[in-house]
Amino acid sequence: MENKKVWIPTPRFMLRKKALEFVLPKDFFKNKKCLEIGYGAGEIMKIVADRGGVGYGFELSKEAQQFATRRLLSYVNSGKINFIDNFENISAYSPFDVIMAFEVLEHIENDLMALTEWLTMLKDGGHIIISVPSKMSKWGISDVWAGHYRRYEREDLIKLCERSGMTILKFISYGFPLTEITDRLMNLAISKKMKKMDIKNLSKEELSKNSGIDRNDSLLYRILFNDFFMFPFYLLQWPFFYTNFGTGYIMVAKK
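Here it is, written out as structure tokens:
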């Protein structure tokens with residue numbers, strides 16, 4: 049990845065970030081030791097550090113690791129953010145007060161095993177925050193491109209959490225109505241992109257590694273998808289948080 053490349057968040061990410069602000073108190077991360085699994089460009093870890101927490105992160109994609117380190121170098125140098133290169137080394141930093149995994153579980157074939165393993169690194173009484181794409185009826189070419197094994201039904205995600213021994217505190221559906229449009233547009237764009245790619249020989253893991261940082265950084269994209277343009281959609285999604293209309297779920301649970 050070239051150093052000049054910038055990260056432009058997707059509308060879906062921006063809506064999810066605002067939804068997180070709705071479900072989490074502003075001081076939630078203060079004085080807490082937080083682990084993010086699959087941090088991508090590192091934006092959520094930046095929020096953790098800005099709100100008084102200390103962030104630890106693991107990311108499979110070496111490209112994403114390098115990119116996030118460049119973006120957040122001042123945080124890394126100050127010790128507010130710490131990147132862990134090897135998953136086996138995470139336990140050396142545990143236990144954590146908070147574990148987060150945004151758009152990660154759908155990339156893992158045995159999601160219950162993964163969730164159970166994560167919980168061994170969480171303090172008793174600690175919190176886990178998860179987001180996943182919702183409803184298999186919305187499965188599209190973008191899910192294939194991203195290396196997903198599944199999208200989640202509300203009941204399945206609740207059962208998964210309960211089987212792992214967690215207590216659900218908050219559960220919302222985010223993104224509606226904008227992601228109904230942007231997800232369809234993304235499917236069209238990715239369909240065109242995939243015609244030029246040979247993805248048949250790529251594993252889900254290889255596809256997953258690229259999905260967190262592969263972003264459109266065109267001028268039009270930057271003009272349209274910023275906080276000013278997105279503000280009405282931030283407001284519009286709020287009345288639908290406790291419905292099943294959104295295209296993603298956010299769950300906060302306690303050990």
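Going by our numbering, the sequence shown wraps up at 303, each residue one higher than the last. Yeah, the Cβ is synthetic: ideal placement off N, Cα and C, and Gly gets one too. Note that this is a predicted model, so its numbers are computed, not measured.
Taking a C-beta distance under 8 angstroms as the contact criterion, F150 and F106 do not qualify as a contact pair. For S212 against T164, the beta-carbon gap comes to about 5 angstroms, under 8 angstroms, which counts as contact. Inter-segment contact for the segment 91-102 and the segment 60-76 is present: three or more beta-carbon pairs are separated by less than 8 angstroms. H175 carries a strand assignment under DSSP once its states are collapsed to helix, strand and coil. Under the three-state reduction of DSSP, L120 is assigned to coil, being neither helix nor strand. One Cα belongs to G88, the other to G223, and the distance between them is close to 20 angstroms. Rounded to whole angstroms, the separation of the alpha carbons of F279 and L68 is 15 angstroms.
DSSP, read as helix, strand or coil, puts L108 in coil. With respect to T295, P181 sits close: the two C-beta atoms are nearer than 8 angstroms. A residue is called buried once 16 or more other Cβ atoms fall within 10 Å of its Cβ, and I216, having fewer, is exposed. Ranked by Cα distance from M184, the first of I177, W166, H175, D204 is D204.
With a cut-off of 8 angstroms on Cβ pairs, the segment 192-206 is in contact with the segment 155-162, counting three or more such pairs. For E151, the secondary structure class from DSSP, reduced to helix, strand or coil, is coil. A check of alpha carbon separations from R64 across A301, F289, K302 identifies F289 as the nearest. Out of T291, S190, F115, E91, the CA that lies nearest to the CA of M62 is found in E91. Around I189, the same chain offers N235, I238, S239, M242 as residues with beta carbons nearer than 7 angstroms, after the five sequence neighbours per side are excluded.
Shortest Cα-Cα distance from M148 to any of T227, V124, E84, Q113 involves E84. Rounded to whole angstroms, the gap between the alpha carbons of A162 and K186 is 24 angstroms. The C-beta distance from W193 to F115 rounds to 19 angstroms, too long to meet the 8 angstroms contact threshold. At the C-beta level, K171 and V71 stay beyond 8 angstroms of one another. Closest option to S139, judged by alpha-carbon separation, among E201, C82, N292: C82.
Residue M93 holds the alpha-carbon nearest to the alpha-carbon of R119 among L108, M214, M93.
With respect to the 8 angstroms criterion, M214 and I177 are not classified as neighbours on the basis of their beta carbons.
For L108 and F131, the gap between their C-alpha atoms comes out near 11 angstroms.
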